[in-house]
Structure formats: C-alpha cells, structure tokens
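Those sequence lines, one after another, are chains B and P.
Everything in the first sequence is counted per our numbering, starting at 1373 for the first residue and increasing by one.
Everything in the second sequence is counted per our numbering, starting at 378 for the first residue and increasing by one.
Virtual Cβ for every residue (Gly too), placed ideally from N, Cα, C.
As structure tokens, the structure follows; a few thoughts come after it.
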Amino acid sequence: MNQKPFVDDTETYAQDIVETVREPLLMLDKNLRVQSANRAFYQTFQVSPDETENRLIYELGNGQWDIPDLRTLLEDVIPRSSVFNDFELEHTFPVIGRRIMLLNGRKLRAGSHSEISVLAMEDVTERRRVEADLKAIETYAQNIVDTVREPLLILDGTLRVRSGNNAFYQTFKVSCDETENRLIYELGNGQWDIPALRTLLEDIVPKSSVFNDFELEHDFPVIGRRVMLLNARQLQAGHHGELVVLAMEDVTERRRSEADLKAIETYAQNIVDTVREPLLILDTTLRVRSGNNAFYQTFKVSAEETENRLIYELGNGQWDIPDLRTLLEDIVPQSSFFNDFELEHDFPALGRRVMLLNARKLQAGHHGELLVLAMEDVTERRRAEEEVAKAKEASETANKTKSLFLANMSHELRTPLNAIVGYSEMLQEEAIDQNLDSFGADLEKIHGAGRHLLALINDILDLSKIEAGKMDLYLETFDLNILIDEVASTVYPMVVKNGNTMHVQKASDLGAMRADQVKVRQGLFNLLSNAAKFTQAGKIVLEAERQRMDSHEWIVFKVTDTGIGLSPEQIVKLFQDFTQADPSTTRKFGGTGLGLALTRRFCQMMGGDVTLQSVPGEGSVFTIKIPADVSEVRHDVEAVTASGTIASGTAVENTESLPDSGTCVLVIDDDAAQRDLMKSFLTKEGFCVYCADSGAEGLRLAKQLHPVAITLDVMMPEMDGWVVLEKLKQDVETHDIPVVMLTMVDDPQRGFTLGAADYATKPVNRRRLARIIKKYSCANPPCAVLVVEDDAATRALTRNMLEKEGCRVMEAENGEIALAMMAEERPSLILLDLMMPVMDGFEFADRVRMQPEWRSIPIVVVTAHDLTGEERRRLSGYVETILHKAGGSRDELLERVRNELDNFATPRLLNA
Amino acid sequence: MTKILLVEDNEMNRDMLSRRLQRRGYEVIIATDGQMGLEMAQSECPDIILMDMSLPVLDGWEATRCLKAGAETKAIPVIALTAHAMSSDREKALEAGCDEYDTKPIELTRLLAKIEHLLGARK
Chain B
1373 MNQKPFVDDT ETYAQDIVET VREPLLMLDK NLRVQSANRA FYQTFQVSPD
1423 ETENRLIYEL GNGQWDIPDL RTLLEDVIPR SSVFNDFELE HTFPVIGRRI
1473 MLLNGRKLRA GSHSEISVLA MEDVTERRRV EADLKAIETY AQNIVDTVRE
1523 PLLILDGTLR VRSGNNAFYQ TFKVSCDETE NRLIYELGNG QWDIPALRTL
1573 LEDIVPKSSV FNDFELEHDF PVIGRRVMLL NARQLQAGHH GELVVLAMED
1623 VTERRRSEAD LKAIETYAQN IVDTVREPLL ILDTTLRVRS GNNAFYQTFK
1673 VSAEETENRL IYELGNGQWD IPDLRTLLED IVPQSSFFND FELEHDFPAL
1723 GRRVMLLNAR KLQAGHHGEL LVLAMEDVTE RRRAEEEVAK AKEASETANK
1773 TKSLFLANMS HELRTPLNAI VGYSEMLQEE AIDQNLDSFG ADLEKIHGAG
1823 RHLLALINDI LDLSKIEAGK MDLYLETFDL NILIDEVAST VYPMVVKNGN
1873 TMHVQKASDL GAMRADQVKV RQGLFNLLSN AAKFTQAGKI VLEAERQRMD
1923 SHEWIVFKVT DTGIGLSPEQ IVKLFQDFTQ ADPSTTRKFG GTGLGLALTR
1973 RFCQMMGGDV TLQSVPGEGS VFTIKIPADV SEVRHDVEAV TASGTIASGT
2023 AVENTESLPD SGTCVLVIDD DAAQRDLMKS FLTKEGFCVY CADSGAEGLR
2073 LAKQLHPVAI TLDVMMPEMD GWVVLEKLKQ DVETHDIPVV MLTMVDDPQR
2123 GFTLGAADYA TKPVNRRRLA RIIKKYSCAN PPCAVLVVED DAATRALTRN
2173 MLEKEGCRVM EAENGEIALA MMAEERPSLI LLDLMMPVMD GFEFADRVRM
2223 QPEWRSIPIV VVTAHDLTGE ERRRLSGYVE TILHKAGGSR DELLERVRNE
2273 LDNFATPRLL NA
Chain P
378 MTKILLVEDN EMNRDMLSRR LQRRGYEVII ATDGQMGLEM AQSECPDIIL
428 MDMSLPVLDG WEATRCLKAG AETKAIPVIA LTAHAMSSDR EKALEAGCDE
478 YDTKPIELTR LLAKIEHLLG ARK
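Okay, here's the thing in structure tokens:
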C-alpha cells in the first residue's frame, strides 16, 4: 500500500473538517503567525485569506486581535500546556461589535507541518445574554414571592419545604431555619399536619397540577382559629425540578364579615317578615321583588302570584288604583320617600279599606335601588276616630241640650214653686192677722219644704252653670257686718233646733269688701248650716277678720263646731259634687251634697278657697278666704301670670264686672315693646288683653283663658311662633282659637301681619286638609283652591288630595306666578308654602292682603314641621331689620291686626 | 198712695204679688203683656213699674226700651223681674234700661227694699 496517498487523504479529510465546522478556526505557527483560517473565520470576521495568512495574529484587521487577554493566553498559557478550554473573551470587534467569545486551543503535531496551535472561537454572546435574562427573571420571581402579602410555601416533590416567603414567616411567626428542608407536616410542632391538607397534597395535587380555593379551617397554635384559602400550582422550575407552590390566603375576617352580612340580611328579612304591617319591595320598574308574610296574609295571596309582577297586576289588577299610580309614578320619582299617603280602596279580598302608605327608596347594595312600600290598615282607626268625633259631637249636642234643659227646667220649676212659697207665706201672714194659730205651723212646713226644694234647684243649676263656664261674678261693695248679721240670723233657727249655741266674733276693722255678695253669703250660710246640722248640743263659732298677705287684703271667715267631725278619707271626698262624707248622712241629715262643692267653687272663682281641719268626734274648722277686693286681686293675679313684667290689669278696670276670657285677646310676643304696643292698641279697640312673653307661657294662658283670638309673633327664642302655632292646633282645648301670625319683613318702614286663617304642617294629612276645605269651602263648588308651593312633588300630592275633596286646583310654584293667576281668577282658598323662591310666602300674603278684593280670601299656611336653619336665619333677618325701623310702620301694622281680628272677634260692649 | 204697675203674664204670680203689695199699702195696677204694660204706663202714670221679662206680645226688654225712649215714661223706674238667674240676663235687663233687677221667686222684703230705694232716690 502506498503510504503517501494515505497521508494525503488524511490531510484532505482534516482540511474538510476544518472547513465544515461552523466555528471560526485559526491555525497558528509557534511564532503566532496565521498559517490558515477556515471559511467560518473569514465569514464571521468579514476578512479575506490575503489579509490573514502569514500575518502575526495581533496584526490582523488593523490590530483588532491585539487583545491583552489573548496575549496572555497565547503567550503564557499555551506554551506551558498543550490545551486550554473555554477561555471567555469579551471584546469589541470593529466589524461585528461587542462579542463574547469562548476560546479553545489545542497544540498539535501536524506531521511534516511542525507544531501548530488551533484556536477555535465560539461566539457565546447570545447564550450569555439569555443566561443573564434567566437570572434576572429568577430574581424577579423570588422578589415577587417575597413581596406578596399572601404566605407562600415552595415544596419539592417529597413535600419538603424549599422555601417560604416573608409573609409566611411573619404570619406563622416562624423562622427560615425552622422551615426550610423540612417536611410540611413537621413544621411548627406538627401544626400543619392537617388531614385536609394531607388529602390535598397527597391525593389532589399529584393528579392535577393545579387547584384553587381549597378552604381549610384550622386551629393554629400561634394565630388561633383561622380559615385559610389554599391555592397550589405544580411547576417545572428548570433545574429545580418539579415544585409545588402553595399559597395561603387568610380569609377568616372576610368569612366573618360575610357571615355578618348574611346575618344582617337574614335579620332584615326576619324583620320584614315579622312586622305586622304588609310590606312590598319594588324595583324601580315597579315590579315586586318580594312581599312579607303580613302582605301575603292580609291580601290572601301567595308569593308566586306576587313576585316578579308589576304591582298593578297583582290580584287581578286590584292594586291598579289611580291614586297609587300618581303616588308611585309622579311623587316617588321626585322624592326619595313619602309618608302617610292615605288610600281608600275597595279590595276584592278584604273589602273597602283605608290604607296609610309609607315608602322609602333604598340603595340595597347589589340589589340596586329598591322601594319599600309599607301599608298600614287604618280602617279601624279611622272608623274609631270618626266614632269618637261623632261621639264628641253627640256629647256636645247632649251638653247643649242639657244646658237648655236646665235653663228651661229652672224656669218651669221655679214658677210653680214661686207660687207655693209665695202663697204659703201670704197665708201665714193672713193666719196671724186672723188669729188662726192652728194653721200657722202647717203653713210654715209647706213654706219650709218649698224653700228647700228651691234651694236644691238653685244648687243644681249653679253647679251646671259652673260646669258650662257660664257662672259669672257680680262684683259689688258691701258691708261685712251687715252681711254677717243677716246670715247669722238666717241660720239661727237651725242652730237652736239642734240645741247648739252660736257665737259671732267680728274683728273691729272688718269694714266692707268688694266681691259677689250673693256667693259670699251663700258660702257662709252653707258652712254655718252644715255646722248646725252636724252638731248636737254643741257650740258653733263664727269668726271674721281682715288679714294682710302677699300685699293683698283678705277676708277670712272661720266656722268652728264641736260636731261629729271628719276623718281624713272623708275630707278628701267632701268637696266632690254630690258627695257627702258618708252616704248615710244624706238619710240622717238631708241635703244635696252640693253645698260644700259649690261653696268651694264660688270661693275659687273669687280668687279664694275653702279649707278644713277636723278631728273625728271632736269637731271641724272650716275656713273661707276671699280677697277683700276681688277685682283687684283677680287682675293682679292674672297680670303676674300673664306677662311677668307688664301689668295688664289696667286694660279692663273700667268694666264693672270682670270680663270673661271670651272677649279677650292673647298677645304672645317676646319683645316687651311690641307687647305694649299691641296691648294699648287692642285695649283701645275694646278688647281685654292678656300678654305672654314666651311660647310656653302663651300656650299655658291659651289653655286657661281660651281667648277669642291670639296674636302670635313668629320669631321668638326657645319656642318660635310656628312651634307654638302647631301646639295650639294640636290641642283640642285650643285648636279652634283663631291665630294671627305676626312677623316683620325687611321692606323698609313697614310691619307686617301674616293673615293666616289656618295652619297645617307638612306633610299635610289628608284628613286635616279635608277639614280645612270644609271649613273654608265656597258657596258654589267646585271651589277653586290655589296651591302656592315650590316643591313639585308636594304640589302633586296636594292637588291629588284636593281634587278628591272636590276642589278645582290652581297651582303656582312661587308667589309671583300665584299673583298673576289670581288676577285671572279669584280662588276661594289659598294654601301657602312660606318658603319659596322668587317671592316667598310672607311677601305673597302681604300682597294679597293689600288688594281689597282679595282680603277676604282665607290663606292657610302650610309649613314644614321644623323650620330649617336657613329659614330661621331669614326670618330673624327680617326681625332685626324691622326693629330699627319699626316706628314708621306702626299704624299699618295695627290696622292690619285690627282687620285680622275683625274676622274672628268683636270687642265687648262696655257698660258705660 | 204709691201706684205700682205690675206687668206679669203668670196669673198666680200676678195674684200673689199684687195681693202682698196691696197688703203693704200699695196701689197695684195690672198689665198681662208688654204692649198692655206700655199703654198703661202712658195712661196711668204709675210711680214704679215691676216688669216680668218673658212676656207675650211685646217682651219685657222691648217694652222697657220703649218706656225709656218715651218722653213721659222714661222717668218711671223699672224693676226687672225674671226667673233666669244668669247674670247675662241681668245685664241684658240693665242694657234695656231697667233701673233695678230681681229674680223670682220674689223675696218680698228684698223687693220692697229695692222699691223704696228707687222711689226714695226719685224724691
């Protein structure tokens, strides 16, 4: 075999390999001169063989290979060892840019070629970049793991912990050392050895590489009972192999608040179902979301027939009621609630009913906006109210009938009695004249019986008059000595009859008194005749004296007896009508049982009283105390209670008898100057005037005096005029007293009375409105009622109510529009909101009152229950302004008050 | 002799009061209604008139008003007699022009005192 061709073949083979590899290769001789390069080299570095071969490596490409690291490698490393691997060289090559090259070198003995170094260059730039990226991603991932607030555990395939994150260590209060490389079940003294977790990790995770929201409730020693939501992912984590990431979310709080929410919802539902008032929950399209038990029971329907239906469709359209449509479609959309809408309707299932509807619009979380409609069946209540009203009317009628009957009876009874008493008296005189002594005693009996009967009738009549408030005082000045002597001599026969003695002790300064003589006499007579009646063979003492107390003179009569006396229980009953201390006394001693009750009332009418001290079996002391001048004391007493500082007694001193409150006007005003002004003005007009300096005092006096009219200041501290007005209108004792509201406007030089004929609070109750309409209804229905109100919803509601009452309704949203409307047509009644834009209620009322042809139109003020702070501010602004300027406005103010009062009350005709 | 005109429609009251007054020495003339009372006051010129208020034809208040409006009768004192014990009746009577007032049943001594008081004042 020829040796040479074999060698040639081998060399060609090596050369082919050199040319084929994609890695650039350089062959260097021992002087580091390039013997040859392969194609990959030329291509990679974009150079030609001519520029390369037989050159020193450092000279190649303008010295771009003259790299210190390469010099070290070639000159220091290669000569000593025949091989080197993976020498990494980072260098910026002019043609191909910055590169990372992995150099491998081999020293070869190449047969005849002597010693050659093969330098292979691998471009690892890309590989290094990817590796750096991977590193960055891993760091990033670890950062995330450490950053998330959810505790995480990374487990390997054997369920050993590779690592936990910060959140894990913090949450479970363990350290890294106690955790890593341990079996999960061993962690923290086995607190993670939970059956449910074992199931999860050993059965579920191996089968599926992921699970979500596995809920685990467990008592952890360190953090207590917790609900954890576990999520896991099985990951192929590169060289880390298969890992399980276990994320734990502590949902204890969330579960608790969810449970709370649920509980609240259940609670709300329970309330809804428990209340006895039928409720419907509607959505905004008026479809029923649900009803409560009461609804289903009351209307005898099932939930299926009700839910998800339009309210109007319920029960064969029995809820399709025009009023309800108005309410739900017009009023509700404009305000988020309404109260006490009264609906009268014939329901097929339960007949004609009056329902009071209340609604609230609610934001019900994810349920959106809902309307709760509550229905209160007030049919019975209304019926009861009507019955009460009827009963009241009936009793008032009966009372009137009674008064009339009593008046008639007194006349009818007295006329024949008059004859009996008169004729028997005459016959007695004749018997004496004709010496017919035997008739005398019998005639005396007839006469006595007649007088007794007359006394009874008078007592009953007096008492009924007091009850009806019709008992008057007739004041006159009389001498007490004469009066006492007369009474003593009248009663003397009765005293003697029971074997008693009587002693009369009159003080020397007794003199005269000014009181109702008849009533004083009657009182004294009653006490003395009682003493005579209930004392046997005893002693009766009448003492009379003048005493000075509280800067007033009093006359005191004291009647002392040694009779049967009275126990404390008997004393309590003694002054009651028709009651004697003991029922048996009526049989034993006779009498009506009215005497003491009457005496006491007479004394009280005169500003005095009767008191009693008694010991059973030993006797009694009755004391009458009456002011020496009843007129003075009465005035003074009332002046003190009425105005505190202003004496109103002078207002009425020219009348002979006291004015009854039926001719009096009550002025309620906190401003003393204003009060004085009104008082002097009204007094001149012939009214008697009582003043109150506060709302509370005004209310008290109104109840006590029942005046013909009240003038009421709007702006007062503590309780303002509107509140007072409302209270007056709520109280049955005072609701019918006309009230003239007074206030001041900021119009210069002008005071102002708000001529309100009546008053109602918002929301206006339909019944109240009906009563108002009835009261002011015009002669020819349908009456035109002007509603002046800026709130559209309230207007709609009011219109609805009014139309139901058979009225024709005109609507105006402010005072200006209202005036324009009135110019077109005169309404017969105005319902007026006080607070409106453009022209408010005060100004409007003022304008109406300035027009003579409009003056008589009743204005009913409708106002919010509570004035807002803004309204109060506005009103107080008015008052402040006017107080500086009040002088010029006086006459007009007074003129107005006069006109208002003319509508309600006529001054008393005074006796000259 | 003092002449008293008693205007009273009730027969018993009239009979009784007239007899008792006569016993006390007064001359009593009788009218049974307001109109008649008015006429007799003009024709008989009594010294004093006792006037019941609830009278037929013309009631006591109206009759008194006429008396007090008439030139020749206005000076004659009038005492109103009524069974109504309300003070408003008294005021109504005084308003109509009555000089005095007394309630029935008549307490003779009281009435006599009032009569003598008015007659005395007149003299």
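Run the CB neighbour count on residue i, radius 10 Å, all protein chains shown included, and call it buried at 16 or more, exposed below.
i: Gln1919 (chain B); result: exposed
i: Glu2177 (chain B); result: buried
i: Lys1960 (chain B); result: In this predicted model, Lys1960 (chain B) has a pLDDT of only 49, less than 50, meaning its place in the structure is not dependable enough to derive any value.
i: Arg1470 (chain B); result: exposed
i: Gln1387 (chain B); result: exposed
i: Pro1593 (chain B); result: exposed
i: Lys1772 (chain B); result: exposed
i: Lys2051 (chain B); result: buried
i: Gln2102 (chain B); result: exposed
i: Gln2046 (chain B); result: buried
i: Pro433 (chain P); result: exposed
i: Leu1722 (chain B); result: exposed
i: Gly1820 (chain B); result: exposed
i: Asp1575 (chain B); result: exposed
i: Gln1418 (chain B); result: exposed
Relative to the C-alpha of residue i, which residue among the options is closest?
i: Phe1542 (chain B); options: B:Asp1381, B:Val2159, B:Ser2003 and B:Asp1622; result: As written in the sequence, residue 1542 (chain B) is Gln, which differs from the Phe given in the question. Selected option, being the one with the closest Cα: B:Asp1622.
i: Ile2109 (chain B); options: B:Glu2090, B:Leu2084 and B:Pro2089; result: B:Leu2084
i: Gln2076 (chain B); options: B:Asp1881, B:Thr2055 and B:Leu2038; result: B:Leu2038
i: Thr1551 (chain B); options: B:Leu1531, B:Pro2154 and B:Leu1588; result: B:Leu1531
i: Val1616 (chain B); options: B:Ile1643, B:Ala1640, B:Val1582 and B:Glu1630; result: B:Val1582
i: Ala2317 (chain B); options: B:Ile1516, B:Val1867, B:Leu1852 and B:His1875; result: Coverage of chain B is limited to positions 1373 through 2284, which leaves residue 2317 (chain B) absent and any answer about it impossible.
i: Asn1515 (chain B); options: B:Leu1527, B:Gly1536 and B:Asn1664; result: B:Gly1536
i: Asp1438 (chain B); options: B:Ser1836, B:Phe1671, B:Gln1418 and B:Arg1405; result: B:Arg1405
i: Met1921 (chain B); options: B:Gly1967, B:Ser1707 and B:Gly1980; result: B:Gly1980
i: Ile407 (chain P); options: P:Glu477, P:Asp386, P:Ala448 and P:Arg401; result: P:Asp386
i: Asp1528 (chain B); options: B:Arg1521, B:Asn1553, B:Glu1522 and B:Gly1477; result: B:Asn1553
i: Asn1457 (chain B); options: B:Thr1907, B:Ile1556, B:Ala2081 and B:Met1473; result: B:Met1473
i: Glu2105 (chain B); options: B:Val2086, B:Asp2092, B:Thr2055 and B:Val2080; result: B:Val2080
i: Asp436 (chain P); options: P:Lys481, P:Lys469 and P:Pro482; result: P:Lys469
i: Arg1521 (chain B); options: B:Phe1540, B:Glu1503 and B:Ala1504; result: B:Phe1540
On the DSSP letters alone, give me the boundaries of the beta strand (DSSP E) that residue i sits inside.
i: Gly1740 (chain B); result: Unbroken run through Gly1740 (chain B): none, as it is neither H nor E.
i: Gln1606 (chain B); result: Gly1596 to Gln1608
i: Arg1470 (chain B); result: Gly1469 to Arg1481
i: Asp1492 (chain B); result: Looking at the sequence provided, one finds Ala at residue 1492 (chain B) rather than Asp. Glu1487 to Asp1495 is the span of the beta strand (DSSP E), which, as asked, contains Ala1492 (chain B).
i: Gly1991 (chain B); result: Gly1991 to Pro1999
i: Val1455 (chain B); result: Val1455 to Phe1465
i: Val2104 (chain B); result: Here Val2104 (chain B) belongs to no beta strand (DSSP E), and DSSP marks it neither H nor E.
i: Ala1887 (chain B); result: Ala1884 to Asp1888
Residue range of the alpha helix (DSSP H) that residue i falls in?
i: Phe1906 (chain B); result: Careful: Phe1906 (chain B) lies outside any alpha helix (DSSP H) and carries neither H nor E.
i: Met1411 (chain B); result: Correcting the residue identity first, residue 1411 (chain B) is Arg in this sequence and not Met. Where Arg1411 (chain B) is concerned, the enclosing alpha helix (DSSP H) stretches over Arg1411 to Phe1417.
i: Thr2170 (chain B); result: Ala2164 to Lys2176
i: Phe1974 (chain B); result: Gly1967 to Met1977
i: Gln419 (chain P); result: Gly411 to Glu421
i: Asp1857 (chain B); result: Leu1852 to Lys1869
- At least three beta-carbon pairs within less than 8 Å, the region 1922-1937 of chain B to the region 1982-1994 of chain B: Flag = yes, the region 1922-1937 of chain B and the region 1982-1994 of chain B touch.
- Message: If contact is defined by three or more beta carbon pairs under 8 Å, each pair taking one atom from either stretch, is the region 1509-1525 of chain B in contact with the region 1410-1418 of chain B?
- Response: no
- the region 1784-1803 of chain B in contact with the region 1845-1863 of chain B per 3-pair CB rule at 8 Å: Contact between the region 1784-1803 of chain B and the region 1845-1863 of chain B is absent, because fewer than three Cβ pairs lie under 8 Å.
- Query: Is there contact here, the region 470-477 of chain P with the region 441-455 of chain P, by at least three beta-carbon pairs under 8 Å?
  - Reply: yes
- Query: Using a Cβ cut-off of 7 Å, which residues of the region 428-446 of chain P contact any Cβ in chain B, in chain order?
  - Reply: none
- Message: Please identify, using Cβ separations under 8 Å, the residues of the region 381-399 of chain P that lie next to chain B, in order along the chain.
- Response: Asn387, Met389, Asn390, Met393, Leu394, Arg396 and Arg397
- Item | Residues from the region 471-499 of chain P in contact with chain B, defined by Cβ distance under 7 Å | Lys481, Pro482 and Ile483
- Message: Can you confirm whether the region 1646-1659 of chain B touches the region 1669-1687 of chain B when touching is taken to mean that 3 or more C-beta pairs between the two stretches lie within less than 8 Å?
- Response: yes
- Mind checking the region 1858-1874 of chain B against chain P and listing, in chain order, the residues whose C-beta falls within less than 7 Å of any C-beta there? none
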